Amino acid sequence: MDMRSVKVFFQLLLLTSFLLFGCNIDHQNEEAKTLDYEQIYKEKWCDALYLRKHSFANINEVKTVHLALDLTVDFDKEVIHGVANHSIQILHPTDFMLFDTRGLIIDKVFLDNDTVAVDFELGRSYPTVGGFLKIPITPKTNNVTIHYQTTENSKALDWLKPNDKNGLDKPFVYSQGQPILTRTWIPIQDDPSQRITYSAKLQVPKDMLPLMSATNPQRKNDTGVYYFEMNQAIPPYLIAIAVGDLAFRSLDEISGVYALPNMVEIARDEFQDIPKMIVAAQELYGEYLWERFDVLVLPASFPFGGMENPRLTFATPTLIAGDRSLVSVIAHELAHSWSGNLVTNATWEDIWLNEGFTVYFENRIMEKLYGKEIADMLFLVEYQELIETIEKFKSQGQYADTHLKLDLTCRDPDEGLTDIAYVKGGLMLKTLEEAIGRQRLDAFLKGYFAEFAFQTLTTEQFLDYFYEHVDVSNSEFVIEKWIYEPGIPEGAAEISSDRFDAVIALANKIQKGEKLPKDLTRRDKITQKWLAFIRALQPDIDPTTIEAIEEQLQFAKSGNAEIMTEWFVLAINANFDGFRDEIASFLTKIGRRKFLRPMYSALRNNPEMADWGVEIFQKARAGYHPLSAYSIAQLLEIVD
Ligand SMILES: [Zn+2]
Numbered sequence: 010m011d012m013r014s015v016k017v018f019f020q021l022l023l024l025t026s027f028l029l030f031g032c033n034i035d036h037q038n039e040e041a042k043t044l045d046y047e048q049i050y051k052e053k054w055c056d057a058l059y060l061r062k063h064s065f066a067n068i069n070e071v072k073t074v075h076l077a078l079d080l081t082v083d084f085d086k087e088v089i090h091g092v093a094n095h096s097i098q099i100l101h102p103t104d105f106m107l108f109d110t111r112g113l114i115i116d117k118v119f120l121d122n123d124t125v126a127v128d129f130e131l132g133r134s135y136p137t138v139g140g141f142l143k144i145p146i147t148p149k150t151n152n153v154t155i156h157y158q159t160t161e162n163s164k165a166l167d168w169l170k171p172n173d174k175n176g177l178d179k180p181f182v183y184s185q186g187q188p189i190l191t192r193t194w195i196p197i198q199d200d201p202s203q204r205i206t207y208s209a210k211l212q213v214p215k216d217m218l219p220l221m222s223a224t225n226p227q228r229k230n231d232t233g234v235y236y237f238e239m240n241q242a243i244p245p246y247l248i249a250i251a252v253g254d255l256a257f258r259s260l261d262e263i264s265g266v267y268a269l270p271n272m273v274e275i276a277r278d279e280f281q282d283i284p285k286m287i288v289a290a291q292e293l294y295g296e297y298l299w300e301r302f303d304v305l306v307l308p309a310s311f312p313f314g315g316m317e318n319p320r321l322t323f324a325t326p327t328l329i330a331g332d333r334s335l336v337s338v339i340a341h342e343l344a345h346s347w348s349g350n351l352v353t354n355a356t357w358e359d360i361w362l363n364e365g366f367t368v369y370f371e372n373r374i375m376e377k378l379y380g381k382e383i384a385d386m387l388f389l390v391e392y393q394e395l396i397e398t399i400e401k402f403k404s405q406g407q408y409a410d411t412h413l414k415l416d417l418t419c420r421d422p423d424e425g426l427t428d429i430a431y432v433k434g435g436l437m438l439k440t441l442e443e444a445i446g447r448q449r450l451d452a453f454l455k456g457y458f459a460e461f462a463f464q465t466l467t468t469e470q471f472l473d474y475f476y477e478h479v480d481v482s483n484s485e486f487v488i489e490k491w492i493y494e495p496g497i498p499e500g501a502a503e504i505s506s507d508r509f510d511a512v513i514a515l516a517n518k519i520q521k522g523e524k525l526p527k528d529l530t531r532r533d534k535i536t537q538k539w540l541a542f543i544r545a546l547q548p549d550i551d552p553t554t555i556e557a558i559e560e561q562l563q564f565a566k567s568g569n570a571e572i573m574t575e576w577f578v579l580a581i582n583a584n585f586d587g588f589r590d591e592i593a594s595f596l597t598k599i600g601r602r603k604f605l606r607p608m609y610s611a612l613r614n615n616p617e618m619a620d621w622g623v624e625i626f627q628k629a630r631a632g633y634h635p636l637s638a639y640s641i642a643q644l645l646e647i648v649d
């Protein structure tokens, strides 16, 4: 990478951000006067936030520009002791700075080089958003230093003790910041429209390797002290940490994998196409600006498929199917290096700008590497899920949640992470591609990522840019219908696949009692094809047919968590008893929410298995990340 051009770029960036804030100041000033702390204590949290829907921070007045962390990771007590030194920039005169905090103990606060601590104020802590930490500052304050520690309520952190279920020999801890959990392990202005650089010093036990979304070590040292730098400004939700007995293997000069020692060779093999993916992504939408793209394979409790922490994507071990059939998640996280990490949603209501673009981009990377047919099947599977989600929202009276632009007032922003932002967003771009042609769309997207690099924007700012650069007057395409109206607009792109149709037709015949063709095997390893096959089977399927399919195709033993989930859900819906051990073991081992949710909800909906489902959850929940544990407890209506 050419560092010189980056430098010029950052200078330009500073200038533009100054201009941008220049526009916001007056607006902010008016709003700031309405801040009433009495009110904040009395009202529920959604009324307590005066400017932003999910953050207390007064970032239009004063904001962190650089965060220097000094962290000690204590596995015995499962606590991180931290010092967070915020270098701040005062944008508008104010005598206080507000940070977000949730589940933290704040010990002391210092300004600049003072040795005397200042008095700080902690607001009431609300569910979901936590509370504010209010620190008095002067016009001359440059640094705010907060001494703190995490607690068992630091929900970003998943502390894992070694046991035979999780396969760990040594303890492990990792964080999940998105959407608003970074405030549970760092006192910070936790708003996606905020961008900061950060550095960190970490002290860990000597047999551990710590990693962050920053420059990373590739092997352990003798001191247990490590230093990290993230020189590109990122939103707080992308600050991430993982500490464990980890090993590294290189893929090429700029990419590699980290995993537990017994997994690292397998992971390198599974993810060997990463260098090709990076080339493909750059050919599509411009230079990769994060210097390295490493993947960390986490223990199975990780609640997501992947998390696009810059320079270090976090990945679930369920991607390792042994046949490279689930690598599209890596393409997805890589695509976030542009959509999401480079160009970020200003609020959680604009999350489609992040996820929708990423789904489209992911699909294009997959097409470049593996061909159109594979890419189409991938999208079709997601499209089926989208239709289901839309139907569900409609029947639950939540049809407005199928708009791309969401209203998350007084709601957990986690609720916005549905197939709508992802797949409806991706489908919108596929439809736009049909309307204006691929060449024009690609030129537009490339320009868009370059124009807004290292910035955040709202849906409305996107729309302004869209109308300046795209002419859709000769087509039926109306972008507002996608953004502000429910469901899928007429004229949406239609994706089809002959292989898909064939496998669905086959499933329909088998459902009606026809025997499985003798030569039917899963040798082609196309996960999506088999998902479509299982989905086409109905719950009134004969138990002997389930047995016959299992005998021939071995879905339950496939080791492919996507296929296993789909197959177990069908079995539960069909009240088939033959997989009880496999289901219990799967749910105990894996913490990825994408799999837990459909399985637990199928169990809940089957009167003969509902109690058993709760029983499994009670035993398994200690092994889940707090995010997954909370989601499933809600789904099963278990009140803690
Ligand atoms: Zn994503």
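Position one of the sequence shown corresponds to residue 10 (the working numbering), numbered consecutively onward. All C-beta atoms in this analysis are idealised placements derived from N, C-alpha and C, irrespective of residue type, glycine included. On a predicted model such as this, the values are computed, not experimentally measured, just so you know.
Residue range of the unbroken beta strand (DSSP E) whose run includes Tyr157 = Looking at the DSSP string, the run of the beta strand (DSSP E) that includes Tyr157 is 152 to 159.
key: Rounded straight-line distance, which links the Cα of Ser594 to that of Arg111   = So the two alpha carbons sit approximately 34 Å from each other.
query = What residue range is occupied by the uninterrupted beta strand (DSSP E) comprising Leu395?
reply = Taken as a continuous stretch (DSSP letters only), Leu395 belongs to no beta strand (DSSP E), being part of the alpha helix (DSSP H) at 381 to 404.
inquiry  = Does the beta-carbon of Glu317, which I'm using as the reference point, lie nearer than 7 Å to any heavy atom of ligand 1?
reply    = Because some heavy atom of ligand 1 lies under 7 Å away, the Cβ of Glu317 counts as near it: yes.
message = When you compare the CB positions of Leu218 and Leu169, do they come within less than 8 Å of one another, or not?
response = Contact: no.
ask   = For the segment 428 to 436 against the segment 386 to 402, are there 3 or more C-beta pairs whose distance is under 8 Å?
value = Verdict: yes, contact present.
query = If you draw a straight line from the C-alpha of Val512 to the C-alpha of Ser506, how long is it?
reply = Taking the straight line joining both Cα atoms gives about 10 Å.
query = How would you label Thr554, buried or exposed, when you count the other beta carbons within 10 angstroms and need 16 or more for buried?
reply = Around the CB of Thr554, 16 or more other CB atoms lie within 10 Å, so the residue is classed as buried.
request  = Using beta-carbon positions only, say whether Leu466 and Leu298 come within less than 8 Å of one another.
outcome  = No, the Cβ-Cβ distance between Leu466 and Leu298 is not below 8 Å.
query = Comparing alpha-carbon positions, which option in Glu575, Tyr633, Asp178, Thr154 lies nearest Ser310?
reply = Restricting attention to Glu575, Tyr633, Asp178, Thr154, the CA atom closest to the CA of Ser310 is found in Tyr633.
inquiry  = Tell me the rounded alpha-carbon separation between Leu76 and Arg301.
reply    = Looking at the two C-alpha atoms, the distance is approximately 21 Å.
Complete beta strand (DSSP E) runs within the segment 151 to 228 (minimum length 3 residues, chain order) = Counting only runs of 3 or more residues that sit fully inside the segment 151 to 228, the beta strand (DSSP E) segments are 152 to 159, 166 to 169, 181 to 184, 205 to 212, 218 to 221, in chain order.
query = Phe542 and Ala516: beta carbons closer than 8 Å?
reply = It is a contact, given that the beta carbons lie within the stated cut-off.
ask   = Do Thr367 and ligand 1 come close, with the Cβ less than 7 Å from some heavy atom?
value = For ligand 1, at least one heavy atom lies less than 7 Å from the Cβ of Thr367.
query = Taking 7 Å as the cut-off, is the CB of Trp364 close to at least one heavy atom of ligand 1?
reply = The sequence shown places Glu at residue 364, not Trp. The answer is yes for Glu364.
query = Measuring CA to CA, which of Val71, Trp491, Ala290, Pro245 is closest to Ser202?
reply = Of Val71, Trp491, Ala290, Pro245, the residue nearest in Cα terms is Pro245.
key: Contact belief for Ala717 with Asn318 at Cβ below 8 Å, rounded distance in angstroms   = Since the displayed the chain opens at 10 and closes at 649, residue 717 lies outside it and no answer follows.
query = So the beta strand (DSSP E) Thr597 belongs to, where does it begin and stop?
reply = Segment 589 to 598 is the alpha helix (DSSP H) holding Thr597; no beta strand (DSSP E) there.
query = If Met106 and Ile144 are in contact, beta carbons under 8 Å, what's the gap, nearest whole angstrom?
reply = Contact flag correct, Cβ pair sits at about 5 Å.
task = Output the distance between the C-alpha atoms of Asp167 and Ala570, rounded to the nearest integer angstrom.
result = Going by the C-alpha atoms only, they are around 21 Å apart.
message = Helix, strand or coil, according to DSSP, for Tyr46 in the structure here?
response = Because Tyr46 carries a pLDDT of 43, less than 50, the predicted location of this residue cannot be relied on, and the following value inherits that uncertainty. It is helical.
task = Run the proximity test for His478: is its beta-carbon closer than 7 Å to any non-hydrogen atom belonging to ligand 1?
result = No; taking the cut-off as 7 Å, the Cβ of His478 has no heavy atom of ligand 1 nearer than that.
message = I want to know whether the segment 137 to 153 touches the segment 186 to 202 - three or more CB-CB distances under 8 Å.
response = Touching, yes, given that three or more Cβ pairs across the two stretches are closer than 8 Å.
request  = Return the chain-ordered list of same chain residues with a C-beta closer than 8 Å to the C-beta of Ile146, the five sequence neighbours on each side being excluded.
outcome  = Here the set comprises Val71, Ile97, Ile99, Thr103, Asp104, Phe105, Met106, Leu120, Val153.
query = With 16 as the cutoff for other CB atoms within 10 Å, does Gly132 come out buried or exposed?
reply = Label assigned to Gly132: buried.
inquiry  = Quick check: is any heavy atom of ligand 1 less than 7 Å from the C-beta of His341?
reply    = For ligand 1, at least one heavy atom lies less than 7 Å from the Cβ of His341.
Burial state of Ser163, where buried means 16 or more other Cβ atoms lie within 10 Å = That one is buried.
query = Around the Cβ of Gly522, are there at least 16 other Cβ atoms within 10 angstroms (buried) or fewer (exposed)?
reply = Gly522 should be labelled exposed.
ask   = Between which two residues does the beta strand (DSSP E) carrying Glu238 extend?
value = DSSP places Glu238 inside the beta strand (DSSP E), whose first and last residues are 234 to 243.
request  = Please report how far the alpha carbon of Ile115 lies from the alpha carbon of Asp421, in whole angstroms.
outcome  = Near 24 Å, if we compare the C-alpha coordinates of Asp421 and Ile115.
message = So Arg333 and Asp282 are supposed to be a Cβ contact under 8 Å. How far apart are they, rounded?
response = Arg333 to Asp282, Cβ: 7 Å. Contact.
task = Would you list the one or two residues that DSSP bridges to Asp261?
result = DSSP lists Ser264 as partners of Asp261.
inquiry  = For a test of the three-state rule: what should DSSP assign to Gln98, helix, strand or coil?
reply    = Look at Gln98 here: in three-state DSSP terms it is strand.
inquiry  = I want to check one thing, is the minimum distance from the CB of His412 to the heavy atoms of ligand 1 below 7 Å?
reply    = No, since every heavy atom of ligand 1 falls outside the 7 Å radius drawn around the Cβ of His412.
request  = Can you tell me which of Thr325, Tyr369, Tyr408, Leu321 puts its alpha carbon nearest to the alpha carbon of Ala344?
outcome  = Answer by Cα proximity: Tyr369.
request  = Give the single residue among Tyr236, Val125, Gln227 whose Cα lies nearest to the Cα of Tyr207.
outcome  = Ranked by Cα distance from Tyr207, the first of Tyr236, Val125, Gln227 is Tyr236.
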